[in-house]
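Asks: Attaching a single structure in structure tokens format; questions to follow.
There are 2 protein chains.
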Amino acid sequence: MTTTHPARSTPVTTIHTSTAPFSGPVRPGRSTLTPLDSSEIRLTGGYWAEKQRLNADVVLRHCEDWMERIGWTGNFDRAASHQAGWVHAGIEFVDSEVYKLLEGMAWELGRSHDADLSSRYDQLVYRVASAQDDDGYLHTSFGRPWQPARYSNLEWGHELYSFGHLLQAAVAAERTGIESALVDVARRLADHLWVEFGPDGRVAVCGHPEIEVALVEFGRALDEPRYVELARLFVERRGRGLLAPIEYGQEYFQDDVPVREAEVLRGHAVRALYLAAGALDVAVETGDDELADAVRRQWEATVARRTYVTGGMGSHHQDEAYGADFELPPDRAYSETCAGIASNMLSWRLLLQDGDPRYADLIERTLFNNVMASPREDGRAFFYTNTLHQRTDGVAPDEDELNARALSSLRAPWFEVSCCPTNVARTLASVESTFATKTPAGLQVHQYGEFDVDTTLSDGTPIALSVRSDYPYDGAVRITWRDDTRREVDLDLRIPSWAGSARIEAPGQTPSVRDGRSTTVRGRFAAGDVVTVDLPMQARWSLPDPRIDAVRGQVAVQRGPLVLALESTDLPDGDVNDVVVDTSVEPVTTERGATVEVSRLAAATADWPYGEPGDATGPLGAVTLVPYATWANRGPSTMRVWLPVARVEG
Amino acid sequence: MTTTHPARSTPVTTIHTSTAPFSGPVRPGRSTLTPLDSSEIRLTGGYWAEKQRLNADVVLRHCEDWMERIGWTGNFDRAASHQAGWVHAGIEFVDSEVYKLLEGMAWELGRSHDADLSSRYDQLVYRVASAQDDDGYLHTSFGRPWQPARYSNLEWGHELYSFGHLLQAAVAAERTGIESALVDVARRLADHLWVEFGPDGRVAVCGHPEIEVALVEFGRALDEPRYVELARLFVERRGRGLLAPIEYGQEYFQDDVPVREAEVLRGHAVRALYLAAGALDVAVETGDDELADAVRRQWEATVARRTYVTGGMGSHHQDEAYGADFELPPDRAYSETCAGIASNMLSWRLLLQDGDPRYADLIERTLFNNVMASPREDGRAFFYTNTLHQRTDGVAPDEDELNARALSSLRAPWFEVSCCPTNVARTLASVESTFATKTPAGLQVHQYGEFDVDTTLSDGTPIALSVRSDYPYDGAVRITWRDDTRREVDLDLRIPSWAGSARIEAPGQTPSVRDGRSTTVRGRFAAGDVVTVDLPMQARWSLPDPRIDAVRGQVAVQRGPLVLALESTDLPDGDVNDVVVDTSVEPVTTERGATVEVSRLAAATADWPYGEPGDATGPLGAVTLVPYATWANRGPSTMRVWLPVARVEG
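Residue numbers (this note's numbering), protein chains in the order written: chain B, 2 to 651; chain X, 2 to 651.
Spelled out as structure tokens, the structure:
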């Protein structure tokens, strides 16, 4: 393994075109690690710059065009018109998709100041702002004479959920300094919420958490403690049965147990994760260590017992929910893209508080194998759910029609409930924000790739370095200092939990490393100094805990941070459902995946599938495994991450 | 094994108190096997008489009381009142529950002529009849000015589904000769349907099949070919996209592929099975062998690849649907009770046509392990879904409240959608109808237990015999002739597919037997002659087909026709989720179940469940397995049918 592969680096130019300082999505009032300003870290090439450019060039526009075409943005115009009886387009909470798009556009604008994007953004903000009521309320589905009354359906209406996304879009506007009317709109809305739901308002919560995490960050951005207090009230009220019973049980919206008493995340996965992120934010701002401990405990239990190998969360289609402990069926994995994004929101907040690299490990796993599985290579179609085993080819979705969430094996351009595409958009627009942090002692690198960091420590010590690698395909990372640090600083480098044989070399030292920990390289660095990290990219078997019944007797193959998958496209005669893998032959690492030796089960001919079935197989030879996130980019296919192990005779 | 265990027979007296001849639920116009009249076969004791008596004494009344209390029967009174704006109780199709109850009451009345039951039945029929419109239409949820218009929501309204159950109730009334007004009500309704949906009516189908199977049988009962023709139209119209698209796809209501072209049952399991039963009936009455072959082929593919070891069908909670081939997760098994009942409706019709004992095999499996898992031992609570792996204790349902379908590990007294209890009621009231048939050559015994048969063959040859056994717990069956047959006749005895070492002894002969086939005992039998069948009841391992990923590396234990289960109630410290079984020690057969040797996995302590997990175990010794259908009768528990096999070292 060599240290760099410049020929294989993706030739993407720097997207950053402005040097105006601007801050990022999460700014806790206190934390162990300090996030970098968004203007202090810039993707320069490779995997992530390519994805971020795809987002800027394609995904944002795709979301805009779809929502314009099907009337979701038009809802705001109709609301502003004050004409009677207009018909709302889409389900109740489509406002939130417009807000997530605005958030994504804002992060992109903060970086690029692209004139066309800026103009589109301003127009969209204007349309949203025009729909705001005089008292600050802003929703296109509720409150008009022919619509349900405001707050008449807190269980399912998603009103406060939508407001939360508006507030998060306003945070992006505020932090990037793009002078958007959205900040005032959000402030008036938040003040309205304070009146309606604050200490003198109704004692209620929204069926879909999101307002909590949004209120805290908006309160941080505007230095307004009332907003944090309102978030605290929402967190404390939950788990006390304020929401009416539903068929899925109160745990569906985490109204079964108070947040500080819960042992594990449960119910609807996105709801649970947004709530946990908001609860941690509240805990941080109020110094509530008990609440923070509860969230930390829930994260640990959830990761240990309710998380797919891809980082995906959610085992049930029916209620988009976590299953019981170790209930992780690959073929019914829901693993909603939004749950992966929400999981990273939570892990990032915990990482900032604790500095523990395990949170960065999960962020890496979830980004590469869950979130990035969603967008198609061309950025014009998305997975909503992310199964780990596709049994049938399914039907290619219509590229011009709204799609149901989980009927096809192919990504779809838009959905009736389309939370995932806009969530991907806002995530990609700010993805580098979690790649590095700083402390008074130095810099922490949590994720690898190609990016530049230019920051200063609290005493003014300059930190300027370039990270270069063809990660995640190549494990050779080269970090070059571009400025003299003038004093001894710490460079903390995350060694992923899968990287037992990692090596680090720095000027005059070869520090010892341990997987799952950070390695500190301490020194006074001069411009031109190079630190290299060598992470093992040899494909490896992963065995499931024996309690995960659904994948007993099966193995997954991982390669660096990537979970690999067998896709029928790579099989000679096309079906992954009757293939077994020979684990006596080690997987062979390839440029972006691996090959393994497989055999095929004899054809299924029994008239009853229980008894003493045989296990006869015919060898198929070596087959290619591809990065899971890239599957179904070559047309309809069957696919599986977990490969049944051939029964060893004798 | 001895031939009889009189001391262990359940001391239940004969329920039959009338000798008036009456016919049964299914009377094809042509068939290989001829069903017995319901008055020609009588349960006399044992397992089934006990269940049928529970049905008569408890279940029917339970259904009546619940539907009275929550206003479902009251809907008919309100409809009859013609007052404006009355509020309908329950979801759109609760009429159908009243009809299924009426069907169950009718079969019971045909047998018992119980005066109290007769009076209750007549009153209920009167209330239903009073709600019929002048043109024959009869539905409490549609057609009034404040309700949705008739046939305005064929996808979800279940109007024709409800009508089908009314027609089936009328068939029971007609066949048992109880002189019910329901027959005329049904005739007027069917004539209305002929106008609305017949050759000159709208070209449409109902989202939930059921009207097809009901129309054919009602047409048979009344000798009215128009009803069969209407059923034929409904069958032929389906699969052509007449129903509007829904999120679950057109296969949900089998509107994806024409019935005669489909290869396997798919979509919503109860819908698929009712439709297949109706399609076979149509094929029989119209001589459409191609259609019959299609249904037969679908049955075969479904049994071979989409059926649980319990006979249960339906792998998805979300859409109550079949999964893909071999997608049979035990912990998310839906296996709706109604699907088991519908499966037996189909298998019974195929058995009558083909005479192949494989259909009777599946009926036996499904009755004992799926349908009979539903009612609680006291007959006052029911499973709607029948999971094969209960991971958590769940919450005991409120005995006085309506319940959601699948939230608890305990049976619930009633459900918001309560199709299963009334379906159990009508099934138990006529369960013996599938136990034996006749041909000109003799009698076929398909199911074992305790019952008497008194019939005559087509040439007047009398067949009178008593079947006695403590089946399904004991495999010794003693068949005693009570009359001289006067000529040589065939007694065909089903040898279940699991009974490889079965033995049959008859006067002067010991016929050879083969599992999965029927054995013919041919002879001129005299009163007092005894034929014995000895079926092996040794508990046995069953291994799953290697394509059933969800139970790979696991075994089930079966004992005779019973699938056994491990319930936490029988474990020293109560959790089935970390137990592994030692398959090197054979299971030990007990009076009603078995014991197996198990060990317990070491406590789960890993912070991430993928990698190189250990499999350390501590021995627990022998534990008891109980008949699956009896689980959760001792309070909340965890339970599993499939037991992970301990990894053999070295």
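Backbone N, C-alpha and C define an ideal beta-carbon position, used for all residues, glycine too.
(1) May I ask you to report which of helix, strand or coil DSSP gives residue 154 (chain X)?
(2) Just how far apart, CA to CA, sit residue 573 (chain X) and residue 622 (chain X)?
(3) Could you check if residue 461 (chain B) is buried or exposed, using at least 16 other CB atoms within 10 Å of its CB as the buried criterion?
(4) With 7 Å as the limit, tell me which residues of the segment 245–277 of chain X have their beta carbon closer than that to any beta carbon of chain B; keep them in chain order.
(5) Under the DSSP definition of a beta bridge, which residues are partnered with residue 66 (chain B)?
(6) Return helix, strand or coil for residue 319 (chain B), following the three-state DSSP convention.
(7) Using a Cβ-Cβ distance under 8 Å, would residue 607 (chain B) count as near chain X?
(8) Mind pulling the alpha helix (DSSP H) runs of 4 or more residues that sit fully within the segment 547–623 of chain B?
(9) Using only CA atoms, which one of X:60, X:141, X:54 lies nearest to residue 112 (chain X)?
(10) When you compare the CB of residue 357 (chain B) with every CB in chain X, is at least one pair closer than 8 Å?
(11) Would the beta-carbon of residue 374 (chain X) fall within 8 Å of that of residue 630 (chain X)?
(12) For residue 394 (chain B), which residues of its own chain have a beta-carbon under 7 Å away from its beta-carbon, when the five flanking residues on both sides are left out?
(13) Label residue 21 (chain X) either buried or exposed according to how many other C-beta atoms from any shown protein chain fall within 10 Å of its C-beta, with 16 as the threshold for buried.
(14) Are the segment 307–315 of chain X and the segment 359–372 of chain X in contact at 8 Å, needing three or more beta carbon pairs?
(15) Within 10 angstroms of its Cβ, does residue 92 (chain B) collect 16 or more other Cβ (buried), or is it exposed?
(16) Interface residues of chain X around residue 544 (chain B) at Cβ under 8 Å?
(17) DSSP state of residue 306 (chain X), grouped into three classes?
(18) So, for residue 266 (chain X): in the same chain, excluding its five sequence neighbours on each side, which residues have a beta-carbon less than 8 Å away from its beta-carbon?
(19) Given that residue 319 (chain B) touches chain X, what residues does it touch there, using C-beta distances under 7 Å?
(20) Got a sec, what are the start and stop residues for the beta strand (DSSP E) residue 437 (chain B) sits in?
(21) Below 8 Å on C-beta distance, what does residue 645 (chain X) contact in chain B?
(22) Kindly list, in the order they appear in chain B, the residues whose Cβ is closer than 8 Å to that of residue 310 (chain X).
(23) Does the Cβ of residue 650 (chain B) have 16 or more other Cβ atoms within 10 Å, making it buried, or fewer, making it exposed?
(24) Are the C-beta of residue 435 (chain X) and some C-beta of chain B separated by less than 8 Å?
(25) Can you list, in chain order, the residues of its chain with a C-beta nearer than 6 Å to that of residue 15 (chain X)? Leave out the 5 residues immediately preceding and following it.
(26) So which residues of chain B does residue 405 (chain X) contact, with C-beta pairs closer than 7 Å?
(27) Could you check if residue 510 (chain B) is buried or exposed, using at least 16 other CB atoms within 10 Å of its CB as the buried criterion?
(28) Which residues of chain B have a Cβ atom closer than 9 Å to the Cβ of residue 325 (chain X), listed in chain order?
(29) Taking residue 305 (chain X) as the query, report the chain B residues whose CB atoms sit under 9 Å from its CB, ordered along the chain.
(30) Between residue 650 (chain B) and chain X, is there a C-beta pair that is closer than 8 Å?
(31) Spell out whether any CB of chain X is found under 8 Å from the CB atom of residue 602 (chain B).
(32) Below 9 Å on C-beta distance, what does residue 557 (chain B) contact in chain X?
(33) Can you tell me which residues form a DSSP beta bridge with residue 482 (chain X)?
(34) Going by other Cβ atoms of all chains shown within 10 Å of its Cβ, with 16 needed for buried, is residue 262 (chain X) buried or exposed?
(35) Which residues in the same chain as residue 73 (chain B) place their Cβ atom closer than 7 Å to its Cβ, once the five residues preceding and following it in sequence are excluded?
(36) For residue 503 (chain X) versus residue 534 (chain X), is the C-beta spacing smaller than 8 Å?
Replies: Reading it off the structure:
(1) Under the three-state reduction of DSSP output, residue 154 (chain X) falls in the coil class, being neither helix nor strand.
(2) Each residue's alpha carbon lies about 10 Å from the other.
(3) Exposed.
(4) Within the segment 245–277 of chain X, the residues whose Cβ lies closer than 7 Å to some Cβ of chain B are 248, 250, listed in chain order.
(5) As far as DSSP is concerned, residue 66 (chain B) takes part in no beta bridge.
(6) Correct three-state label for residue 319 (chain B): coil.
(7) Under the 8 Å criterion on CB atoms, residue 607 (chain B) is classed as interfacial with respect to chain X.
(8) Unbroken alpha helix (DSSP H) runs of no fewer than 4 residues, entirely contained in the segment 547–623 of chain B, are not found.
(9) Here the closest residue by C-alpha is X:54.
(10) False, the Cβ-Cβ gap to chain X never drops below 8 Å.
(11) For the pair residue 374 (chain X) and residue 630 (chain X), the CB atoms are nearer than the 8 Å cut-off.
(12) Counting only Cβ-Cβ distances below 7 Å, and skipping sequence neighbours, we find 410, 637, 638, 639.
(13) Counting other Cβ atoms within 10 Å of its Cβ, residue 21 (chain X) stays below 16 and is therefore classed as exposed.
(14) Three or more Cβ pairs drawn from the segment 307–315 of chain X and the segment 359–372 of chain X lie within less than 8 Å of each other, which places the two stretches in contact.
(15) In this structure residue 92 (chain B) is exposed. Its beta-carbon is surrounded by fewer than 16 other beta-carbon atoms within 10 angstroms.
(16) Ordered by position in chain X, the residues that pass the 8 Å Cβ test against residue 544 (chain B) are 611, 612, 613, 614.
(17) In the structure shown, residue 306 (chain X) adopts helical secondary structure according to DSSP, grouped into three states.
(18) Closer than 8 Å at Cβ, skipping near neighbours: 273, 274, 277, 299, 300, 302, 303, 307, 314, 323.
(19) Close to residue 319 (chain B), with beta-carbon spacing below 7 Å, are these residues of chain X in chain order: 318, 319.
(20) Annotation: the continuous beta strand (DSSP E) that includes residue 437 (chain B) extends over 437–440.
(21) Those within 8 Å of residue 645 (chain X) in chain B are 547, 550, 553.
(22) Ordered by position in chain B, the residues that pass the 8 Å Cβ test against residue 310 (chain X) are 611.
(23) Note that residue 650 (chain B) has pLDDT 44, beneath the 50 cutoff, so the model's placement of it is unreliable and the number below is only indicative. With fewer than 16 other Cβ atoms within 10 Å, it is exposed.
(24) With 8 Å as the cut-off, residue 435 (chain X) does not count as an interface residue toward chain B.
(25) Bear in mind that the predicted position of residue 15 (chain X) carries a pLDDT of just 37, short of 50, making it unreliable; the figure below should be weighed with that in mind. These residues qualify, in order along the chain: 45.
(26) Those are 248, listed as they occur along chain B.
(27) Using a 10 angstroms sphere on the CB of residue 510 (chain B), the tally of other CB atoms stays under 16, which defines it as exposed.
(28) Simply 332, 392, 393, 578.
(29) Identification of chain B residues near residue 305 (chain X) by a Cβ-Cβ cut-off of 9 Å yields 605, 606, 607, 608, 609, 610, ordered along the chain.
(30) With a pLDDT of 44 at residue 650 (chain B), under the threshold of 50, the modelled position of this residue cannot be trusted, and the question is left open.
(31) Taking 8 Å as the threshold, the shortest C-beta distance from residue 602 (chain B) to chain X falls below it.
(32) Within 9 Å Cβ-Cβ: 611.
(33) When beta bridges are read from the DSSP output, residue 482 (chain X) appears opposite X:466.
(34) Burial state of residue 262 (chain X) is exposed, judged by a 10 Å Cβ sphere holding fewer than 16 other Cβ atoms.
(35) The residues are 90, 91, 95, 98, 99.
(36) In this structure, residue 534 (chain X) lies closer than 8 Å to residue 503 (chain X) by Cβ.
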